[in-house]
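According to mature numbering (1 follows the signal peptide of the UniProt record, and there is no 0), the stretch in the sequence shown is residues -24 to -1, 1 to 107, in order. Just so you know, even glycine gets a beta-carbon here, dropped at the ideal spot from N, CA and C.
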Amino acid sequence: MKKIFFGLAIMAAFMFAQTSNAQAKPKGKEWKVPAADAGKKSPAGVEAAAGKALWGTNCKSCHGTKGLGDGPKAEKIDISSGDFSSKDFQSKSDGSLFYYTKIGRKPMPSYKEKLSDSEIWQLVAYMRTMK
């Protein structure tokens, strides 16, 4: 009886491990940001509150309410939508975050035709609150 119980426990642990690994999504390739763009600084006086409203309309569906990559559309994306609260993300320059948002790359769309530079800077300011 002990052998059967032990065998079932091992099988259950193995199945749980397989399920957990299947849910983890790979990180996308590192973004290559031109040095001139990475070095851009956020303009003075940019309001994070204005960025929050833009976030709800443009970013939340994939990146989630708090930038944890858990929005409703995230499960349909093959790679991780990122964790904006992570030290790695928060260590990126403001210019890099601006570039990611404006230029985009698959599966993230470009916002250069949808949002003004001022609005993108507002989003960057809001991303900085997700620590």
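Just reading off the alpha helix (DSSP H) that residue i is part of, what are its end residues?
| i | result |
| --- | --- |
| LYS31 | Reading the sequence as shown, one finds Trp at residue 31 and not Lys. Note, TRP31: alpha helix (DSSP H), 24 to 34. |
| MET103 | 93 to 103 |
| PHE65 | 63 to 66 |
| ASP13 | 11 to 14 |
Which one or two residues does DSSP pair with residue i in a beta bridge?
| i | result |
| --- | --- |
| ARG81 | MET84 |
Would you decide whether residue i is buried or exposed? Buried here means 16 or more other CB atoms lie within 10 Å of its CB.
| i | result |
| --- | --- |
| GLY43 | buried |
| GLU6 | exposed |
| ALA12 | exposed |
| ALA(-3) | Residue placement at ALA(-3) is flagged as unreliable, the pLDDT there being 34, under the threshold of 50; the coordinate-derived value follows with that caveat. Exposed. |
| GLY(-18) | The predicted model places GLY(-18) with a pLDDT of 47, which falls under 50 and marks its position as unreliable, so this point remains unresolved. |
| ASP54 | exposed |
| GLY27 | buried |
| ASP59 | buried |
| LYS82 | exposed |
| GLY32 | exposed |
Does chain D have any CB closer than 7 Å to the CB of residue i?
| i | result |
| --- | --- |
| LYS68 | Among the protein chains of the structure shown there is no chain D, as only one such chain exists. |
Less than 8 Å between the CB atoms is what I'm expecting for residue i and residue j, so what's the real figure, rounded?
| i | j | result |
| --- | --- | --- |
| SER37 | GLY45 | SER37 to GLY45, Cβ: 12 Å. No contact. |
| GLY71 | LYS107 | About 19 Å separates the two Cβ atoms, so there is no contact after all. |
| ALA101 | ALA24 | 4 Å |
| TRP97 | VAL9 | About 16 Å separates the two Cβ atoms, so there is no contact after all. |
| ALA20 | SER69 | At roughly 16 Å, the Cβ-Cβ gap does not stay under 8 Å, so ALA20 and SER69 are not in contact. |
Does DSSP put residue i in a helix, a strand or coil?
| i | result |
| --- | --- |
| ALA20 | coil |
| LEU73 | helix |
Is residue i near the ligand SAH, going by C-beta to nearest heavy atom under 6 Å?
| i | result |
| --- | --- |
| GLU51 | This structure lacks the ligand SAH; in fact it carries no ligand of any kind. |
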